[in-house]
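Residue numbers (the working numbering): 8 to 137. All residues carry an ideal CB built from backbone N, CA and C; glycine is no exception. As the structure is a computational prediction, the values presented were derived from the model and not from experiment. In what follows, a structure is listed as structure tokens, so that the remarks can point back to it.
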């Protein structure tokens, strides 16, 4: 996979600069603003929002997967695990075309499943000790 300069913005990397939004909603305004933010400054909520809007998945999904492998339940502003759910909603065609990223997603799923099993075991033990 090619190295991406994370100090650049989506606009700079795409060479496409959007005009001011002609439709005023908080979502449209946020997406326009996020396109002007360096990739290295995008937080979990930013990634969740961009993926949900299908904005340059080739640049954004790898960043999200890095976070998910470290913490599958990391969250943006909606609910615990919302970034993971956004990534899981990406169309199957995308994963078929990006096998290396699908492997990373599978690793994030394994990480989540292992953590879930460990926590469930501890909850069961805790409850049985009461």
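Contact check for residue 54 and residue 90: beta-carbon distance about 6 Å, within the 8 Å limit, so the pair qualifies.
The Cβ atoms of residue 48 and residue 84 lie no closer than 8 Å to each other. If you check the CB distance, residue 97 and residue 130 do not come in under 8 Å.
According to DSSP, residue pairing for residue 16 in a beta bridge involves 45. Taking the C-beta atoms as reference points, residue 108 is found nearer than 8 Å to residue 68. Within the same chain, 56 come within 8 Å of residue 37 by CB-CB distance, once the 5 residues on both sides are set aside.
Taking C-beta atoms under 8 Å as the contact rule, residue 17 and residue 50 fail to qualify, at a distance of about 15 Å. Assignment of residue 69 by DSSP, reduced to helix, strand and coil, places it in the helix class. Nearest to residue 39 by alpha-carbon distance, out of 45, 110, 27, is 27. In the structure shown, residue 116 adopts helical secondary structure according to DSSP, grouped into three states. Residue 112 holds the alpha-carbon nearest to the alpha-carbon of residue 99 among 112, 87, 88.
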